[in-house]
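Enquirer: Attaching a single structure in structure tokens format; questions to follow.
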Amino acid sequence: FFWYTRSERRKEESMTPNKEDYLKCIYEIGTEVEKISNKEIASRMQVSPPAVTEMIKRMISEGLLVKDKSRGYLLTDLGSQLVSDLYRKHRLIEVFLLEKLDYTTEEVHEEAEVLEHTVSEHFIDQLDHMLGTPKTCPHGGTIPKKGERLVEAYQDRLSEATQPGLYILQRVHDTYELLKFLDQIHLQIGNTIAFQRYDDYTGLYHLVIHGQEISINQVIAQQLYIEKHAV
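Okay, so the sequence shown: first residue is 141 according to my numbering, each after it adds one.
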């Protein structure tokens, strides 16, 4: 399982866990805001602005990022492919932990964060084959096929919903705090959410879940991806 080809070894030696985390962070910021700033990266990575500046310079020199006037930073083709590879690793490991080792959906993310930096591509290919090439992770995220770009199947956020009605929860951000909250309100992937209204004054989204009235803020609503319920 841990046998490497020379190309895999060269590729993985050029990447470090820290650099991989920066790539994923920049990708995620890019899905949420119009412009990616050093300040936002520093905040999410919990590092100093000078540390971000140094890493950004290195990633630009290595062809992973380009600077853009309107967007801040953009992933290059190489950077985008590496991000896809990282998500493929992470999400396949999550499926393995949940299905084969009886982890809970709240536990798998942190464990996968550690393991994704230590296993080889060959190991992941074997894992993919053993699991039957799953299409989604436990949190509804798309698992890209080897060599393909990551394109999330579900991109519509609850925070963008304007019409009251029934929606299906299809994907969530896999952060521990969010998963813990969703567990408390008994909301899982595939459940129906009745969106009632958004209150401009309080900034709350009023929902009905399993017959219970629930109110959530915009931060949470932005991390829930939905699909209109087919009537």
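Using N, Cα and C, we set each Cβ at its ideal position, and we do this for glycine too. Note that the structure is predicted; figures quoted are calculated from it, not measured.
Could you give the first and the last residue of the continuous alpha helix (DSSP H) run that contains Tyr162?
Expert: Run containing Tyr162: 157-170, per the alpha helix (DSSP H) assignment.
Enquirer: Could you check if Lys285 is buried or exposed, using at least 16 other CB atoms within 10 Å of its CB as the buried criterion?
Expert: Flag for Lys285 reads exposed.
Enquirer: So, under 8 angstroms CB-CB, Arg289 and Tyr365 are touching, yes? Tell me the CB distance rounded to an integer number of Å.
Expert: So it is not a contact: roughly 18 angstroms between Cβ atoms.
Enquirer: Decide if Lys275 is buried, meaning its Cβ has at least 16 other Cβ atoms within 10 Å, or exposed.
Expert: The residue in question, Lys275, is exposed, as its Cβ has fewer than 16 Cβ neighbours within 10 Å.
Enquirer: Less than 8 angstroms separating the beta-carbons of Leu226 and Leu163?
Expert: Cβ atoms of Leu226 and Leu163: closer than 8 angstroms.
Enquirer: Rounded to whole angstroms, how far is the Cβ of Leu309 from the Cβ of Ile360, which I believe are closer than 8 angstroms?
Expert: No, Leu309 and Ile360 are not in contact; Cβ-Cβ is about 12 angstroms, not under 8 angstroms.
Enquirer: If you draw a straight line from the C-alpha of Pro190 to the C-alpha of Leu255, how long is it?
Expert: If I take the Cα positions, the gap works out to 28 angstroms.
Enquirer: Is Leu232 near Leu271, with beta carbons less than 8 angstroms apart?
Expert: Cβ atoms of Leu232 and Leu271: closer than 8 angstroms.
Enquirer: Is the beta carbon of Lys229 sitting closer than 8 angstroms to the one on Met199?
Expert: Result no, Cβ atoms of Lys229 and Met199 do not sit closer than 8 angstroms.
Enquirer: Just to confirm the assignment, what range does the alpha helix (DSSP H) spanning Ile354 have?
Expert: Looking at the DSSP string, Ile354 is not in any alpha helix (DSSP H); the run it does join, the beta strand (DSSP E), is 352-357.
Enquirer: State whether the region 291-308 contacts the region 248-267, with contact taken as three or more CB pairs (one from each stretch) at a distance under 8 angstroms.
Expert: These segments do not touch.
Enquirer: Spatial neighbours of Tyr129 within its chain, please: CB distance less than 6 angstroms, with the 5 preceding and 5 following residues excluded, ordered by chain position.
Expert: Given a span of 141 to 371 for the chain in the structure shown, any question on residue 129 remains unanswerable.
Enquirer: Across which residues does DSSP place His313 in a beta bridge pair?
Expert: In the DSSP output, where bridge partners are listed per residue, His313 has none listed.
Enquirer: Along the chain, where does the alpha helix (DSSP H) containing His269 start, and where does it finish?
Expert: Counting along the chain, the alpha helix (DSSP H) containing His269 begins and ends at 261-271.
Enquirer: Report the option in Val206, Gln324, Val291, Gly343 whose CA atom is closest to the CA atom of Thr171.
Expert: Residue Val291 is the option with its Cα nearest to Thr171.
Enquirer: Is it right to say Gly212 is buried, meaning 16 or more other beta carbons lie within 10 angstroms of its own, or is it exposed?
Expert: Classification for Gly212: buried.
Enquirer: Mind checking who Glu88 pairs with in its DSSP beta bridge?
Expert: Shown here, the chain extends from 141 to 371; a query on residue 88 therefore has no answer.
Enquirer: Checking the sheet assignment: what are the DSSP bridge partners for Tyr345?
Expert: DSSP, once it has assigned bridges, lists Tyr338, Ile356 as partnering Tyr345.
Enquirer: How long is the line joining the alpha carbons of Leu327 and Cys277, rounded to whole angstroms?
Expert: Rounded to the nearest angstrom, the two C-alpha atoms are 16 angstroms apart.
Enquirer: Name the DSSP bridge partner or partners of Lys207?
Expert: Answer is Tyr213.
Enquirer: Are the CB atoms of Ser210 and Lys175 nearer to each other than 8 angstroms?
Expert: The answer is yes: Cβ separation under 8 angstroms.
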